[in-house]
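A.B. asks:
Number of protein chains: 2
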Amino acid sequence: MFKKILYPTDFSDVANSALDFIKQLKEAGAEEVVILHVIDKSSLDALAMYTSKDFLQIEKDWEANAASQMSSIADELKEAGLEVKVRIENDIPFRGILKVEEDEDVSVIVLGSHGVSNIQEMLLGSVSEKVIRKAKKPVLVVKR
Amino acid sequence: MFKKILYPTDFSDVANSALDFIKQLKEAGAEEVVILHVIDKSSLDALAMYTSKDFLQIEKDWEANAASQMSSIADELKEAGLEVKVRIENDIPFRGILKVEEDEDVSVIVLGSHGVSNIQEMLLGSVSEKVIRKAKKPVLVVKR
Chain A
2 MFKKILYPTD
12 FSDVANSALD
22 FIKQLKEAGA
32 EEVVILHVID
42 KSSLDALAMY
52 TSKDFLQIEK
62 DWEANAASQM
72 SSIADELKEA
82 GLEVKVRIEN
92 DIPFRGILKV
102 EEDEDVSVIV
112 LGSHGVSNIQ
122 EMLLGSVSEK
132 VIRKAKKPVL
142 VVKR
Chain B
2 MFKKILYPTD
12 FSDVANSALD
22 FIKQLKEAGA
32 EEVVILHVID
42 KSSLDALAMY
52 TSKDFLQIEK
62 DWEANAASQM
72 SSIADELKEA
82 GLEVKVRIEN
92 DIPFRGILKV
102 EEDEDVSVIV
112 LGSHGVSNIQ
122 EMLLGSVSEK
132 VIRKAKKPVL
142 VVKR
């Protein structure tokens, strides 16, 4: 039931608390974890407006940063005895997550989540709420 | 991690799909299930408006019906080798669920959920969305 886990992360504290939970899921039969980070190009665009740096450079830095954070998460999970696969996607976060859910045919999605944090999320729902609504597989929501 | 499960049910199809999942959670270490049904008196009030039956009678019928459905769910879980506790609460559903989460100090809440089904839910969030937001323990959302 927890054999192949999809673990989407934005590297936030909340996503990290899900990571601790996933390590414990080994006892419950977890074997493999697909670690996913979705880079939202539209927020890169917004960032590019406020800096003099070259847009392509920002994108490169972002990707390099993501790759390094992903590899330390991967190490942590490997140490816990889990197989690991790393994916970085360019997409709108919730759409990227649902795409990889299908691609990888995972057993469950494990998400970190806090309460609602701003007005936009109250109106439109957070990334996790959208994933919970649209996912086909069970979603395990870990609280901070 | 899944030792003591809170399973809130409104006896819908969606809640039933969570039941099948819970039976399988035994392999993942589940031992005890608290089955919870919350009776919302305000919907009983609404019902009473459209019938000539006595209000107290409606309430009694409702409770008797809930008790009988709960006991067949309890039997099903016992057959799967799980310990069972049954609770029927009078409250607003999401609030009753969160209250029992605390009371019983459960390890996880397992909820059935479908997509959003009506405008009110789109605006205010469904019971499951409120529980996911406010719960302290992990919430496992099982899709239909």
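For the record, the sequence lines run as chains A and B.
139 is the number that the numbering used here gives to position 138 of the first sequence; each next residue is one higher, with no gaps.
95 is the number that the numbering used here gives to position 94 of the second sequence; each next residue is one higher, with no gaps.
Every residue gets a Cβ at the ideal spot worked out from N, C-alpha and C, and that includes glycine.
In this text the structure is predicted, and so the values were computed from the model without any measurement.
1) Of all Cβ atoms in chain B, is any one closer than 8 Å to the Cβ of Leu-141/A?
2) Are three or more beta carbon pairs between the segment 29-45 of chain A and the segment 83-93 of chain A nearer than 8 Å?
3) Can you check which of these residues, Pro-139/B, Ser-127/B and Ala-136/B, is closest to Arg-134/A by C-alpha distance?
4) For Leu-48/B, collect the residues of the same chain with a Cβ closer than 7 Å to its Cβ; drop the 5 residues on either side in sequence, then sort them by chain order.
5) Given this structure, state the Cα-to-Cα distance separating Ile-93/B from Ala-67/A, to the nearest angstrom.
6) Check the Cβ of Lys-1/A against every Cβ in chain B and list those closer than 8 Å, keeping chain order.
7) Starting from Glu-130/B, find everything on chain A with Cβ-Cβ shorter than 9 Å and list it in chain order.
8) Can you find a C-beta in chain D that's less than 8 Å from the C-beta of Gly-30/B?
9) How about Val-140/B and Leu-99/B: do their beta carbons lie closer than 8 Å?
10) Take Leu-7/B as the anchor and find which of Lys-144/B, Glu-103/B and Glu-130/B has the nearest alpha-carbon.
11) Quick one: which chain B residues come within Cβ less than 7 Å of Phe-95/A?
12) Excluding the 5 residues flanking Lys-4/A on each side, which residues of the same chain have their C-beta closer than 8 Å to its C-beta?
13) So Ser-114/B contacts chain A; which residues on that side make the cut at Cβ distance below 9 Å?
14) May I have a chain-ordered list of the alpha helix (DSSP H) segments no shorter than 4 residues that lie completely inside the segment 13-100 of chain A?
15) Would you tell me roughly how many angstroms separate the C-alpha atoms of Asp-14/B and Ser-13/A, rounded to the nearest one?
16) For Gln-25/B, return the contacting residues in chain A, with the cut-off set at a CB-CB distance below 7 Å.
17) State the start and end residues of the unbroken beta strand (DSSP E) segment that holds Ser-114/B.
18) When we look at the beta-carbon of Leu-57/B and count the other beta-carbons within 10 Å, is it buried (16 or more) or exposed?
19) Taking CB distances under 8 Å as the criterion, tell me whether Phe-56/B reaches chain A.
20) In the DSSP assignment, the beta strand (DSSP E) including Lys-5/A goes from what residue to what residue?
21) Which residues in the same chain as Pro-9/A place their Cβ atom closer than 6 Å to its Cβ, once the five residues preceding and following it in sequence are excluded?
22) Is Lys-144/A buried or exposed, if buried means 16 or more other CB atoms sit within 10 Å of its CB?
23) Of all Cβ atoms in chain A, is any one closer than 8 Å to the Cβ of Phe-12/B?
24) Relative to the alpha-carbon of Asn-91/B, which residue among Ser-73/B, Ser-44/B and Ala-16/B has its alpha-carbon at the smallest distance?
25) Which first and last residues belong to the beta strand (DSSP E) in which Lys-144/B is found?
26) How should Ser-53/B be labelled, buried or exposed, when 16 other C-beta atoms within 10 angstroms of its C-beta is the threshold for buried?
C.D. replies: In short, the structure shows the following:
1) yes
2) yes
3) Ser-127/B
4) Ile-59
5) 43 Å
6) The requested residue 1/A is not part of the displayed model; chain A covers only 2 to 145.
7) Gly-126, Glu-130, Ile-133 and Arg-134
8) Of the chains in the structure shown, none is chain D; the protein chains are A and B.
9) no
10) Glu-103/B
11) Going along chain B, no residue has its Cβ under 7 Å from Phe-95/A, so there is no contact; the nearest lies around 13 Å.
12) Gly-30, Ala-31, Glu-32, Glu-33 and Ser-108
13) Ile-133, Arg-134 and Val-140
14) 14-25, 42-50 and 56-80
15) 35 Å
16) Met-2
17) 109-114
18) exposed
19) no
20) 5-9
21) Leu-37 and Ile-98
22) buried
23) no
24) Ser-44/B
25) 140-144
26) exposed
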